[in-house]
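2 protein chains.
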Amino acid sequence: MLNFSEIKLVHIDDHLLFAQGINSLIGNETFINELVHAQTLAEGLRIVEELQPELILLDYFLPDSNGIESLRLLNKTSPSSKVILLTMESNPDVMEKCRREGAIGFLQKSISKKALLEALNNALQDIPTFPITVQSSAETPNSPLNILSKREKQIADLVTEGFTSAEIAEKLFLSDLTVNTHRRNLIHKLGLKNTAQLVAFIEKLKFSEKGSGV
Amino acid sequence: MLNFSEIKLVHIDDHLLFAQGINSLIGNETFINELVHAQTLAEGLRIVEELQPELILLDYFLPDSNGIESLRLLNKTSPSSKVILLTMESNPDVMEKCRREGAIGFLQKSISKKALLEALNNALQDIPTFPITVQSSAETPNSPLNILSKREKQIADLVTEGFTSAEIAEKLFLSDLTVNTHRRNLIHKLGLKNTAQLVAFIEKLKFSEKGSGV
DNA sequence: CTCACAATACCTAAAAATTGGTATTTTTCC
DNA sequence: GGAAAAATACCAATTTTTAGGTATTGTGAG
Chain A
99 MLNFSEIKLV HIDDHLLFAQ GINSLIGNET FINELVHAQT LAEGLRIVEE
149 LQPELILLDY FLPDSNGIES LRLLNKTSPS SKVILLTMES NPDVMEKCRR
199 EGAIGFLQKS ISKKALLEAL NNALQDIPTF PITVQSSAET PNSPLNILSK
249 REKQIADLVT EGFTSAEIAE KLFLSDLTVN THRRNLIHKL GLKNTAQLVA
299 FIEKLKFSEK GSGV
Chain B
99 MLNFSEIKLV HIDDHLLFAQ GINSLIGNET FINELVHAQT LAEGLRIVEE
149 LQPELILLDY FLPDSNGIES LRLLNKTSPS SKVILLTMES NPDVMEKCRR
199 EGAIGFLQKS ISKKALLEAL NNALQDIPTF PITVQSSAET PNSPLNILSK
249 REKQIADLVT EGFTSAEIAE KLFLSDLTVN THRRNLIHKL GLKNTAQLVA
299 FIEKLKFSEK GSGV
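If you want it as structure tokens, here you go:
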């Protein structure tokens with residue numbers, strides 16, 4: 099295990115019992131200088147803004163947000179912090195979305211102490227930690243989506259969910275002009291014609307690539 | 099079997115051998131007054147326009163068109179003619195589309211003489227003849243699409259394929275204003291927001307209802 | 001250190017979709 | 001026959017998307 103010092107870690111989770119567990123598990127690790135807990139995303143954002151921690155452990159389900167939205171806001175508040183998601187049960191699609199939102203890890207809460215520490219160390223070295231139980235549907239080696247950049251995939255997803263460019267821009271803290279550029283590029287890259295074809299393309303992929311690795 | 103007289107039938111099929119087979123099978127039936135054969139859709143349209151036949155037997159794959167486009171053009175040329183599709187192999191989705199395009203029957207070419215005559219008689223009495231091997235995906239008893247009218251379903255399909263309102267209007271011989279009205283109504287009926295959500299909705303239905311009856 | 005690519009953002013103009021109406025005709029059903 | 005639903009079509013205004021550019025900044029690979 100590598101040697102880091104002065105590492106600040108913020109744990110955002112509304113389950114107090116689990117938070118205490120985390121605290122007793124890794125609170126005494128020498129490489130962790132500060133371990134702060136928040137019960138809501140709002141509280142977490144305040145703390146993260148002040149501390150600018152190296153690491154964030156984030157519960158996927160929070161009373162005032164979900165993992166995807168939380169990732170966006172945390173990234174906005176502290177772009178340099180590495181965020182590792184914690185969930186009770188893992189869905190490959192959810193995991194994939196988190197990866198696209200910039201999470202550096204995705205762990206189930208049933209994980210061992212050893213594995214958790216490994217994930218934290220990995221994160222500090224910029225090494226992602228994602229379970230490989232199920233090949234993520236959209237990251238299949240030969241998926242047509244691989245010609246798209248991360249941002250483009252992310253925007254393709256949001257378009258498919260029915261958001262307009264202005265709404266997507268707001269979510270991702272971008273100019274709607276930027277979102278338009280990405281939309282144009284991704285439609286062009288995929289050889290498509292318009293939004294309808296893009297959505298149909300994405301939806302078909304979801305289903306055609308589903309079940310292959312499960 | 100009922101008694102019809104003066105029935106004109108046009109058979110449009112590029113396979114001459116099969117056309118001869120049809121001719122020898124039903125050419126001598128007393129209820130058929132005239133049986134004309136065409137090898138292409140273009141030729142078929144000319145003949146149909148002139149004859150205004152009661153019945154049309156239509157091959158799904160033609161050198162100059164496919165079943166869906168052919169149905170549209172035939173319906174435009176002679177709205178009162180009943181069209182029965184003939185295909186080598188039947189795909190339930192294709193069948194469903196033909197039904198929506200106004201076909202009154204859908205038969206495999208491997209059908210028996212008896213069944214063919216039955217389908218013809220049915221058609222003359224306005225009774226549809228469709229194989230029930232697989233429950234059609236979009237006509238499932240409790241499909242959310244059942245709140246849509248035929249036209250709306252048809253337009254929803256075309257939107258999902260990426261056609262603009264203007265293109266759909268041209269295909270269906272409608273005003274684009276009409277197509278816009280249908281689009282508005284169907285999005286509203288389904289409680290959706292925009293084209294992207296409509297396409298996602300339709301695509302998801304295709305997959306969620308698939309396999310249930312196969 | 002470049003070179004390529006990704007991500008960002010802007011301008012302009014045209015095309016398309018959406019919204020909110022209304023209205024007529026045709027079909028379908030009781 | 002009469003009511004309801006479907007299909008058709010129009011007007012007008014706004015929003016959104018699409019298409020043609022350009023340009024700057026950051027980042028990762030070689």
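From first to last, the protein sequence lines stand for chains A and B. End of the first sequence sits at 312 in this note's numbering; the numbers just go up one at a time, nothing left out. End of the second sequence sits at 312 in this note's numbering; the numbers just go up one at a time, nothing left out. Even for Gly, the Cβ is constructed at its ideal location relative to N, Cα and C.
Contact belief for residue i with residue j at Cβ below 8 Å, rounded distance in angstroms
| i | j | result |
| --- | --- | --- |
| A298 of chain A | V192 of chain B | Going by Cβ atoms, the distance from A298 of chain A to V192 of chain B rounds to 17 Å, so no, they are not a contact pair. |
| L153 of chain A | A254 of chain A | With 8 Å as the limit, L153 of chain A and A254 of chain A do not qualify as a contact, their Cβ atoms being about 30 Å apart. |
| L215 of chain A | L205 of chain A | The Cβ separation is near 11 Å, so there is no contact. |
| D157 of chain A | I110 of chain A | 6 Å |
| G128 of chain B | P161 of chain B | Note that residue 128 of chain B is Thr in the sequence shown here, rather than Gly. In fact, because the Cβ distance is near 33 Å, the residues do not count as touching under 8 Å. |
| T276 of chain A | A267 of chain A | 7 Å |
| L184 of chain B | L155 of chain B | 6 Å |
| R197 of chain B | F228 of chain B | 6 Å |
| F305 of chain A | F271 of chain B | Not really, about 33 Å apart at Cβ, beyond 8 Å. |
| K72 of chain A | F116 of chain A | The structure shown does not extend to residue 72 of chain A, since chain A is modelled only from 99 to 312, so the question has no answer here. |
Option in the options with minimal Cα separation from residue i
| i | options | result |
| --- | --- | --- |
| M186 of chain A | A:S178, A:V146, A:N278 and A:G165 | A:G165 |
| N219 of chain A | A:K195, A:S208, A:I182 and A:E268 | A:I182 |
| K291 of chain B | A:E194, A:L303, A:E265 and A:L171 | A:E265 |
| N131 of chain A | A:L107, A:Q150 and A:E194 | A:L107 |
| L256 of chain B | B:S188, B:E301 and B:L184 | B:E301 |
| L284 of chain B | B:K251, B:K212 and B:E148 | B:K251 |
| T258 of chain B | B:P242, B:S122, B:N189 and B:A294 | B:A294 |
| L114 of chain A | A:H135, A:K212 and A:K248 | A:H135 |
| K269 of chain B | B:S188, B:D112, B:R249 and B:F116 | B:R249 |
| D112 of chain B | B:K287, B:R282, B:N126 and B:F159 | B:F159 |
| R170 of chain B | B:G200, B:P151 and B:E147 | B:G200 |
| P151 of chain B | B:R281, B:G289, B:E104 and B:A217 | B:E104 |
| N244 of chain A | A:S188, A:L303 and A:E148 | A:L303 |
Residue i burial status per 10 Å Cβ neighbour count (16 or more: buried)
| i | result |
| --- | --- |
| S234 of chain B | Unreliable positioning characterises S234 of chain B in this predicted model, as indicated by a pLDDT of 43, which lies under 50. The coordinate reading is nonetheless provided below. So S234 of chain B counts as buried. |
| L246 of chain A | buried |
| A236 of chain B | With a pLDDT of 44 at A236 of chain B, under the threshold of 50, the modelled position of that residue is not reliable, and no figure is offered here. |
| Q118 of chain A | exposed |
| G203 of chain B | buried |
| K195 of chain B | buried |
| S210 of chain A | exposed |
| S375 of chain B | Coverage of chain B is limited to positions 99 through 312, which leaves residue 375 of chain B absent and any answer about it impossible. |
| P242 of chain B | exposed |
| F261 of chain B | buried |
| S163 of chain A | buried |
| S168 of chain A | buried |
| S273 of chain A | exposed |
| R281 of chain B | buried |
| H286 of chain B | exposed |
| N101 of chain B | Only weak support is given to the placement of N101 of chain B: the predicted model assigns it a pLDDT of 49, under 50, and the value that follows is read from those uncertain coordinates. So N101 of chain B ends up on the exposed side. |
Identity of the residues DSSP links to residue i by a beta bridge
| i | result |
| --- | --- |
| L185 of chain A | The question names Leu, but residue 185 of chain A is Thr in the sequence shown. A:Q206. |
| H109 of chain B | B:H135 and B:L155 |
| I130 of chain B | B:I105 |
| T227 of chain A | A:G203 |
| S163 of chain A | A:L160 |
| K180 of chain B | B:L153 |
Exercise. Should the region 134-143 of chain B be called in touch with the region 161-180 of chain B, which here means at least 3 C-beta pairs below 8 Å?
Worked result: Yes, the region 134-143 of chain B touches the region 161-180 of chain B.
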